[in-house]
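These notes concern the structure reproduced below.
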Amino acid sequence: MNAFPPARQRGLTVHLVVMIVLSLAAAAAFWLAFNTPVGLLFALYLVLFLAMVIPVPILAYRFYALTRANYQLDRNILRLTWGLRVEDIPVADVEWIRPVKGLLAPLSLPLFRLPGGILGVTRQWDIGEVEFLASATDTLLLVATPRCVYAISPEDPNRFAAAFQKVIEMGSLQRGESHSQYPSFVIAIAWENLWVRYLWLTGLFLNIGALVWVSVLIPTAQQVPLGFGPDGAPLEVVPAARLILLPFLSAVLFSAGWLLGLFFYRRPDQRVQSISLWSSSTLMSLGFLIAIFFILTTPH
């Protein structure tokens with residue numbers, strides 16, 4: 002297959018910088034929450050922490066997807082690859098390929114986009130549904146099929162269009178098979194493994210249990226030692242409401258481990274790493290729950 006990759010350098014740089022900035026902001030917000038008396042400001046820091054940390058795994062996936070992004074073409078198949086998203090289109094099913102300048106109305110772009118990550122689905126009144134698998138807007142090409150239109154951005158769109166025209170002139174040797182793969186397929190495959198299912202559910206219930214337990218007990222306790230020193234003695238007591246930080250941090254770390262495990266699970270030869278990671282995340286959640294128990298039962 003001939004490969005026509007999208008431009009990557011600018012998008013990778015932008016995604017990396019944004020991830021670093023958000024990670025530093027999330028760490029700062031968590032530290033400020035840890036050192037702020039319980040009240041409105043404490044709650045605002047927690048909200049800020051969530052707002053900064055939630056986009057990071059999304060951006061990390063988009064960074065990875067851009068490194069794998071490619072458009073491949075032979076006489077039978079046009080393959081669009083973007084991370085775990087793969088679309089095989091029989092060449093015979095391609096109705097037309099044209100630049101966005103040929104549209105009657107301006108092309109509607111996905112709402113959440115960055116250079117290197119123009120992904121999502123929009124709808125155009127003149128051509129219908131458009132799925133974006135692109136890194137830039139200035140090299141966009143539209144590929145029309147009976148199902149929908151795909152917006153792609155090969156680094157050299159003229160070379161891609163010329164190669165496709167040549168393929169059409171040569172004709173297909175055999176009809177290719179259409180195939181669609183979405184990132185969610187990894188979750189479905191992993192869920193079929195009974196051990197994986199138990200690990201996910203156990204970790205989920207441990208984190209929910211810790212959050213509910215702390216929420217119920219906070220009103221009955223005024224101050225607690227939030228941890229222990231090197232000698233095993235309780236640290237200085239703090240308002241009990243700060244104890245909510247422990248299940249909060251446990252849930253964030255468990256979610257990060259869950260997502261990273263999915264990344265490895267997509268390959269059969271790396272599934273042992275995924276199960277090890279999910280096992281450690283579940284044990285970590287249990288460790289947080291035990292830590293909460295000792296903090297609440299330690300005299301202070």
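Numbering-wise, the numbering used here comes out as the position in the sequence shown, counting from 1, plus 1. All residues carry an ideal CB built from backbone N, CA and C; glycine is no exception.
> DSSP on alanine 181, reduced to helix/strand/coil?
Replying inline: Per the sequence shown, the amino acid found at residue 181 is serine instead of alanine. Here serine 181 carries a strand assignment [DSSP, helix/strand/coil].
>> If contacts are defined as beta-carbon pairs under 8 Å, then tyrosine 305 and serine 277 qualify, I think. What distance do you get, rounded to the angstrom?
In response: Residue 305 lies beyond the stretch modelled for the chain, which goes from 2 to 301, so this question has no answer here.
> Closest to valine 150 by CA distance: which of Pro158, Thr140, Asp127 is it?
Replying inline: Asp127
>> Considering only their Cβ atoms, is the gap separating leucine 261 from phenylalanine 289 smaller than 8 Å?
In response: no
> Is glutamate 132 buried or exposed, if buried means 16 or more other CB atoms sit within 10 Å of its CB?
Replying inline: buried
> In the structure shown, what three-state DSSP assignment does arginine 114 receive?
Replying inline: coil
> Closest to isoleucine 219 by CA distance: which of Phe294, Ala4, Glu130 is it?
Replying inline: Phe294
>> On a Cα-Cα basis, can you pick out the residue from Trp279, Gln271, Arg272, Asn71 that is closest to alanine 252?
In response: Trp279
> Excluding the five sequence neighbours on either side, which residues of its own chain have a C-beta within less than 8 Å of the C-beta of arginine 303, listed in chain order?
Replying inline: With the chain represented from 2 up to 301, any question about residue 303 goes unanswered, as that position is not in the structure.
> beta strand (DSSP E) containing threonine 298: first to last residue?
Replying inline: DSSP places threonine 298 in no beta strand (DSSP E) but in the uninterrupted alpha helix (DSSP H) bounded by 272 to 298.
> Given histidine 180, which residues of its chain have a CB within under 8 Å of its CB, disregarding the five upstream and five downstream residues?
Replying inline: Hits under 8 Å: Val87, Glu88, Asp89.
>> Are the CB atoms of threonine 146 and glutamate 96 within a distance shorter than 8 Å?
In response: Contact check for glutamate 96 against threonine 146 passes: the beta carbons are separated by less than 8 Å.
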